[in-house]
Amino acid sequence: MNFIAMDFETANHYPESACSLALIMVRNNEIVDRFYTVINPQMPFDAQNIKVHQITADDVKDAPTMAEVWPQIKELYQPGMLVAAHNARFDTNVMRQSLARYNIAEPHYLVIDTLKTSRLFEPELPNHKLDTVSDALDVELWHHHNALSDSEACAGILIAQQKQFGDEAIKNLIYQI
Numbered sequence: 107m108n109f110i111a112m113d114f115e116t117a118n119h120y121p122e123s124a125c126s127l128a129l130i131m132v133r134n135n136e137i138v139d140r141f142y143t144v145i146n147p148q149m150p151f152d153a154q155n156i157k158v159h160q161i162t163a164d165d166v167k168d169a170p171t172m173a174e175v176w177p178q179i180k181e182l183y184q185p186g187m188l189v190a191a192h193n194a195r196f197d198t199n200v201m202r203q204s205l206a207r208y209n210i211a212e213p214h215y216l217v218i219d220t221l222k223t224s225r226l227f228e229p230e231l232p233n234h235k236l237d238t239v240s241d242a243l244d245v246e247l248w249h250h251h252n253a254l255s256d257s258e259a260c261a262g263i264l265i266a267q268q269k270q271f272g273d274e275a276i277k278n279l280i281y282q283i
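Note that the sequence shown covers residues 107 to 283 in our numbering.
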């Protein structure tokens, strides 16, 4: 499979407050490249979010905004390109809202949600959180709520599921944004 695994962390409860982004590029079921950046959301951080991901306003004060990050990654978000995320609804909304804030048009691409694939393929799990699914599939998650670690785990989950359940089972769960 060829796809990109994506994960965002946010500064607060607003989806347009992206403060970090990681992308894992997968070609033929192998990770071939990684992209990680902190992002200056240009808005306040909430203590609860900091507690989850440990990114502070100080960490991003000199970081690029989403508008400055977008030109580096926009070629990855094309019609026909597959993007995976665990709880894709959250990550695609963060992408959409963070771009809209700078009047950047929403890209169109294919999406697969490993939260949904996990609910279908691993129904026996007590829950389908990223750490639970990673553990069940023996996929490394070295720092939960670090965008790079989370996106690597998402990629590993989708690769493991494709190997076990096949292309057709995966294809049936892809949708267009």
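The beta-carbon is built from N, C-alpha and C at its ideal position, and this holds for glycine as well.
For residue 140, the uninterrupted beta strand (DSSP E) run begins and ends at 136-144, by DSSP. Taking each of 267, 250, 271, 278 in turn and checking the Cα distance to residue 128, the smallest one comes out for 250.
Cα atoms of residue 240 and residue 223: separation of roughly 13 Å, rounded to the nearest angstrom.
For the 9 Å CB-CB criterion, residue 159 and residue 253 form a contact. In this structure, the CA atom of residue 125 is about 11 Å from the CA atom of residue 150.
Burial of residue 117 is indicated by the presence of at least 16 other C-beta atoms within 10 angstroms of its C-beta. Beta-bridge pairing by DSSP links residue 156 to no other residue. The beta carbon of residue 172 sits closer than 6 Å to the beta carbons of 124, 145, 204 from its chain, once the five residues preceding and following it are set aside; these are given in chain order. Taking C-beta atoms as the reference points, residue 132 and residue 265 count as a pair closer than 9 Å. Of all alpha-carbon atoms in 157, 119, 113, 246, the one lying nearest the alpha-carbon of residue 143 is that of 113. DSSP, read as helix, strand or coil, puts residue 115 in strand.
Here the alpha carbons of residue 279 and residue 268 stand approximately 12 Å from one another.
Between residue 190 and residue 215, the alpha-carbon positions lie close to 11 Å from each other. Secondary structure note for residue 202: its alpha helix (DSSP H) is the uninterrupted segment 194-206.
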